[in-house]
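Encoded as structure tokens, the structure appears first; notes follow it.
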Amino acid sequence: MEYSPHCHSTQPVKNKLFVFCIMLSLWVYMLYCCVGYCSTTPSFMMEERSSRNPLKHLQKQDLEMFLKSQSGDLLNNESDADSKGDGWEENKGDAAYDEDSGVAGALNGSETKKLPQAIIIGVKKGGTRALLEFLRLHPDIRAVGAEPHFFDRNYEKGLEWYRELMPKTEEGQLTMEKTPSYFVTKEVPARIHAMSKDTKLIRLISDPAGEMARVQHFLGLRREVTHKHFHFNPTKGFPCLKRPESNSKPHCLGKTKGRTHPNIHPDVIQRLREFYKPFNKKFYYMTGHDFGWD
């Protein structure tokens with residue numbers, strides 16, 4: 001008996017397998033689309049319900065923006081983070097303090113936005129952010145967190161634009177802002193004087209924590225911020241803030257602060273002292289105080 005060889009072609013099997021893969025892919029895609037549609041349906045319904053009452057949605061949004069403006073930022077481009085008010089480590093307990101006082105004033109309609117009565121004008125990297133945050137512990141002070149840069153970069157926008165940046169204050173409260181670059185911009189003094197000749201200017205020279213009593217006296221405020229509000233942080237190497245009446249943890253300036261500084265050769269320091277000596281003497285004469293930097 002003879003057997004003739006017979007070869008079976010595998011092409012039909014491959015075709016069937018290919019069609020099966022295509023069908024499976026289409027099925028998975030349709031399932032994925034259905035799942036995605038279902039997951040978006042609730043949010044669509046929620047948006048539809050909220051659109052039926054746009055006034056309520058607007059009021060809630062405005063209130064959230066208001067609370068954020070009162071709670072601070074962090075605060076503080078001294079680096080870009082500092083200019084935007086992002087250099088401060090807030091916690092919920094301390095932010096709630098500002099929010100509660102801000103909401104109370106908003107509810108009774110007694111708060112208005114005012115042009116600042118005091119401005120921290122410098123110097124850059126001299127502790128201005130720390131000073132501003134220390135002052136914000138005082139109940140009679142409201143300050144904008146980010147640096148407005150109105151008198152040096154945005155002056156053409158006008159005083160009303162500037163006013164809108166300020167937090168709302170009650171009668172008797174002080175509005176403040178800080179922009180260190182004002183100190184090195186020659187147009188700033190005349191512009192601030194044109195706004196108000198009674199505006200108080202603060203230029204930081206000494207340690208901000210040690211000068212709080214004098215700053216409060218200069219601003220005509222009762223002494224509220226004392227040594228009880230400061231807690232030295234050995235890890236960061238500078239004081240952090242703590243409200244004595246609160247159980248919350250102390251909060252500190254953010255990661256952009258307290259960085260390691262290089263060691264400078266004594267000869268370089270001495271040359272710098274000699275260079276700045278005549279300028280320091282002029283400054284001592286202007287301020288009526290010898291700071292002993294020589």
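UniProt numbering puts the first residue of the sequence shown at 1, with every later residue one more than the last.
The beta-carbon is built from N, C-alpha and C at its ideal position, and this holds for glycine as well.
{"query": "Alpha carbon to alpha carbon, how far is Met286 from Pro262?", "result": "32 Å"}
{"query": "Quick one: residues in its chain with C-beta nearer than 6 Å to the C-beta of Gln216, no 5 flanking neighbours on either side, listed in chain order?", "result": "Arg223"}
{"query": "Compute the Euclidean distance between the alpha carbons of Tyr32 and Met23, then round it to the nearest angstrom.", "result": "14 Å"}
{"query": "What's the call for Thr179, buried or exposed, on a 16-neighbour Cβ count within 10 Å?", "result": "buried"}
{"query": "What does the alpha-carbon distance come out to for the pair Tyr276 and Gln270?", "result": "10 Å"}
{"query": "Are at least three pairs of beta-carbons, each pair with one atom in the segment 151 to 163 and one in the segment 179 to 199, less than 8 Å apart?", "result": "yes"}
{"query": "Could you check whether Ile120 and Ile202 sit closer than 8 Å to each other, using their CB atoms as the reference points?", "result": "yes"}
{"query": "Would you mind stating whether His229 and Arg243 have Cβ atoms separated by less than 8 Å?", "result": "yes"}
{"query": "Assess, as a yes-or-no matter, whether the segment 109 to 116 is touched by the segment 159 to 170 under the definition of 3 or more beta carbon pairs within less than 8 Å.", "result": "yes"}
{"query": "Helix, strand or coil: how does DSSP classify Leu17 here?", "result": "helix"}
{"query": "How big is the Cα-Cα spacing for His265 and Leu272?", "result": "11 Å"}
{"query": "Residues in its own chain within less than 8 Å of Glu171 by CB, not counting five upstream and five downstream?", "result": "Ser110"}
{"query": "Between the beta-carbon of Leu253 and the beta-carbon of Ala130, is there less than 8 Å?", "result": "yes"}
{"query": "Give me the Cβ distance between Lys200 and Leu219, rounded to the nearest whole Å; I'm assuming they're in contact under 8 Å.", "result": "6 Å"}
{"query": "Going by CA-CA distance only, name the one from Ala194, Ala213, Cys240 and Leu204 that's closest to Phe291.", "result": "Leu204"}
{"query": "Could you check what DSSP says for Gly292 in three-state terms: helix, strand or coil?", "result": "coil"}
{"query": "Starting from Asn280, follow the alpha helix (DSSP H) in both directions and report where the run begins and ends.", "result": "Pro266 to Thr287"}
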